[in-house]
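In this note's numbering, the protein residues as written are 5 to 95. No residue lacks a Cβ here, since even glycine has one placed at the ideal position from N, Cα and C. Beneath this line is the structure, given in structure tokens, with notes to follow.
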């Protein structure tokens, strides 16, 4: 199933699901194709495990996300309109 919007993404997120982090322009060392497990899901944010630690990521507004046909999701920087994070939920 390809996730097409923020609502579907939030429904998909649950503890144990895996996300591949493909690109991160702010912290390149936190991407490079890393596959991380979702650990905590809240209404405004979620965590993935990096080693033994939780790495928090807040949900952006729907207009700050781009859902691509290849199943990837781009997080858009609200200040400059550029993609800063590309992830791929794994099924």
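Buried or exposed by the 16-neighbour rule on C-beta atoms within 10 Å, applied to residue i
| i | result |
| --- | --- |
| residue 89 | buried |
| residue 93 | buried |
| residue 7 | buried |
| residue 39 | exposed |
| residue 44 | exposed |
Beta-carbon separation (whole angstroms), residue i vs residue j, contact threshold 8 Å
| i | j | result |
| --- | --- | --- |
| residue 62 | residue 82 | So it is not a contact: roughly 12 Å between Cβ atoms. |
| residue 28 | residue 42 | Residue 28 to residue 42, Cβ: 17 Å. No contact. |
| residue 23 | residue 91 | 5 Å |
Where the beta strand (DSSP E) through residue i begins and ends
| i | result |
| --- | --- |
| residue 24 | 22-28 |
| residue 49 | 49-54 |
| residue 7 | Note, residue 7: premise wrong, no beta strand (DSSP E); not H, not E. |
| residue 90 | 87-94 |
Best match in the options for proximity to residue i [C-alpha to C-alpha]
| i | options | result |
| --- | --- | --- |
| residue 65 | 58, 47, 59 | 47 |
| residue 95 | 32, 60, 10, 17 | 17 |
| residue 59 | 15, 87, 34 | 34 |
| residue 11 | 80, 37, 71 | 71 |
| residue 14 | 36, 49, 86, 32 | 49 |
Extent of the continuous alpha helix (DSSP H) to which residue i belongs
| i | result |
| --- | --- |
| residue 11 | 10-16 |
Proximity test, residue i beta-carbon vs the ligand NAD heavy atom, cut-off 7 Å
| i | result |
| --- | --- |
| residue 36 | Only the bare structure without any ligand can be found here, which leaves the ligand NAD out of the picture. |
Three CB pairs or more closer than 8 Å across the stretch 38-58 and the stretch 66-83: no
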